[in-house]
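Peer 1:
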Amino acid sequence: MVTLHFHARKFLKRALKKAGLPYGAESHVEVKGFLAKHYDILLDLVTVGVYKKFIKDVISKMGIQPNDRILDMGAGTGRNDLLMLGYLVEGEVIGLEIGEEMKKQFREKSYHHGNLKLRDLRIENKLPFQDEFDKAFISFTLHGFKQKDRIKIIDNANKALKKEGKFFILDYNEIGLSKKSFYVKVLFDLECNLARDYIKRNWRKIWKEHGFSVKNEHLYFMKLVRLLELEIY
Ligand SMILES: C[S@@+](CC[C@H](N)C(=O)[O-])C[C@H]1O[C@@H](n2cnc3c(N)ncnc32)[C@H](O)[C@@H]1O
Numbered sequence: 007m008v009t010l011h012f013h014a015r016k017f018l019k020r021a022l023k024k025a026g027l028p029y030g031a032e033s034h035v036e037v038k039g040f041l042a043k044h045y046d047i048l049l050d051l052v053t054v055g056v057y058k059k060f061i062k063d064v065i066s067k068m069g070i071q072p073n074d075r076i077l078d079m080g081a082g083t084g085r086n087d088l089l090m091l092g093y094l095v096e097g098e099v100i101g102l103e104i105g106e107e108m109k110k111q112f113r114e115k116s117y118h119h120g121n122l123k124l125r126d127l128r129i130e131n132k133l134p135f136q137d138e139f140d141k142a143f144i145s146f147t148l149h150g151f152k153q154k155d156r157i158k159i160i161d162n163a164n165k166a167l168k169k170e171g172k173f174f175i176l177d178y179n180e181i182g183l184s185k186k187s188f189y190v191k192v193l194f195d196l197e198c199n200l201a202r203d204y205i206k207r208n209w210r211k212i213w214k215e216h217g218f219s220v221k222n223e224h225l226y227f228m229k230l231v232r233l234l235e236l237e238i239y
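Just so we're aligned, residue 7 is where the sequence shown starts under the working numbering, counting upward by one.
Following this line, the structure appears as structure tokens:
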């Protein structure tokens, strides 16, 4: 069994290196190359189609209203934003993204949708938005930043949202690894250093310090992933 685990881990390390996610990296958040070019299809293949259903369920839980203006921070290919458009009539989605391959796919996806717009802005920098969005969304992106930049992103979301706006964060849950199974430990061993830092933080305290309280949470994949709905208090 130990030999099997050893080989499985070695195989995964190699596969990740080939995909552009080297073992021991500080962060994997800036997705590039082959992985970025084929991001959506690879996600579906690796999860044998589970991701497709999962992300539809996540977006359905955002309570999107026909006139909502939504800010997607680190929007990737725009796949999640297309799902959001399905709930909108007059509203719009603004995706913030910096990756060249990701922006290209986002532009292709948004070509026929006047209410899906891309802005080439770094989400940890000062953003030109204030009290204007009903919802902000960040998916599998926050964990890949240093804590000081995560805080800047959280403050940017707070500033961009209307008073009654909601901030949705889809990312890893807070978990202690010591009691988790071998496979969960391997997953986090292969993840970037910042992901291991992210799961240890006391996020409820941090949200509070930055003007948010938790309204709702939905847990997925044996509680490893959570969708948080935060409101401004
Ligand atoms: C792991 S991917 C997640 C993409 C998308 N949110 C999703 O769930 O499919 C992280 C994304 O954040 C983008 N990104 C990384 N650093 C960024 C930054 N500083 N500002 C804006 N986008 C960034 C990457 O290019 C990549 O598309």
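A virtual CB, placed ideally from N, CA and C, is assigned to each residue, including glycine.
Do the CB positions of residue 33 and residue 84 come within less than 8 angstroms of each other?
Peer 2: Start at 1 with the first residue of the sequence shown, and residue 33 comes out as number 27. Start at 1 with the first residue of the sequence shown, and residue 84 comes out as number 78. It is not a contact, given that the beta carbons lie outside the stated cut-off.
Peer 1: To the nearest angstrom, report how far apart residue 128 and residue 104 are at their CA atoms.
Peer 2: Against the sequence shown, residue 128 aligns to sequence position 122. Against the sequence shown, residue 104 aligns to sequence position 98. Roughly 6 angstroms between the two C-alpha positions.
Peer 1: Around the Cβ of residue 210, are there at least 16 other Cβ atoms within 10 angstroms (buried) or fewer (exposed)?
Peer 2: Along the sequence shown, one-based indexing puts residue 210 at 204. Answer is exposed; the Cβ neighbour count stays below 16.
Peer 1: Which term fits residue 95, buried or exposed, when burial requires 16 or more other beta carbons within 10 angstroms of its beta carbon?
Peer 2: One-based indexing of the sequence shown puts residue 95 at position 89. So residue 95 ends up on the exposed side.
Peer 1: Give me the Cβ distance between residue 143 and residue 79, rounded to the nearest whole Å; I'm assuming they're in contact under 8 angstroms.
Peer 2: Position 137 of the sequence shown, counting from 1, holds the residue named residue 143. Position 73 of the sequence shown, counting from 1, holds the residue named residue 79. That belief holds up - the Cβ atoms of residue 143 and residue 79 are roughly 7 angstroms apart, short of 8 angstroms.
Peer 1: Using a Cβ-Cβ cutoff of less than 8 angstroms, which residues in the same chain neighbour residue 169 once the five nearest sequence positions on both sides are dropped?
Peer 2: Taking the sequence shown and counting its residues from 1, the one referred to as residue 169 is at position 163. If we look at residue 169 and ignore the five residues flanking it on each side, its Cβ neighbours are 137 and 238.
Peer 1: Kindly list the residues whose CB is nearer than 6 angstroms to the CB of residue 163, restricted to its own chain and excluding five residues on each side of it in sequence; keep chain order.
Peer 2: For the purposes of this step, residue 163 is taken as residue 157 along the sequence shown, with counting starting at 1. Contacts found: 142 and 173.
Peer 1: Identify the continuous beta strand (DSSP E) that holds residue 142 and give its terminal residues.
Peer 2: Along the sequence shown, one-based indexing puts residue 142 at 136. Residue 142 -> beta strand (DSSP E) spans 139-145.
Peer 1: Taking only the alpha-carbon atoms, compute the straight-line gap between residue 56 and residue 63 and give it to the nearest angstrom.
Peer 2: In the sequence shown, the residue the question calls residue 56 occupies position 50. In the sequence shown, the residue the question calls residue 63 occupies position 57. Looking at the two C-alpha atoms, the distance is approximately 11 angstroms.
Peer 1: Nearest to residue 180 by alpha carbon, out of 76, 126, 155 and 223?
Peer 2: Working through the sequence shown from its first residue, we reach residue 180 at position 174. Among 76, 126, 155 and 223, the Cα nearest to that of residue 180 belongs to 223.
Peer 1: Measure the beta-carbon distance from residue 108 to residue 201 and round it to whole angstroms, keeping in mind my assumption that it falls under 8 angstroms.
Peer 2: Along the sequence shown, read from residue 1 onward, the residue named residue 108 stands at position 102. Along the sequence shown, read from residue 1 onward, the residue named residue 201 stands at position 195. Not confirmed; about 19 angstroms, so no contact.
Peer 1: Less than 7 angstroms separating the Cβ of residue 53 from some heavy atom of ligand 1?
Peer 2: For the purposes of this step, residue 53 is taken as the residue at position 47 of the sequence shown. Result no, Cβ not under 7 angstroms from ligand 1.
Peer 1: Tell me whether the beta-carbon of residue 76 lies closer than 8 angstroms to the beta-carbon of residue 90.
Peer 2: In the sequence shown, the residue the question calls residue 76 occupies position 70. In the sequence shown, the residue the question calls residue 90 occupies position 84. Against a cut-off of 8 angstroms, the Cβ pair of residue 90 and residue 76 comes out as a contact.
Peer 1: Return yes when at least one heavy atom of ligand 1 lies under 7 angstroms from the C-beta of residue 125, else no.
Peer 2: Here residue 125 refers to the residue found at position 119 of the sequence shown. No, since every heavy atom of ligand 1 falls outside the 7 angstroms radius drawn around the Cβ of residue 125.
Peer 1: Run through DSSP, which three-state label would residue 178 get?
Peer 2: Residue mapping note: residue 178 aligns to position 172 of the sequence shown, counting from 1. It is a strand residue.
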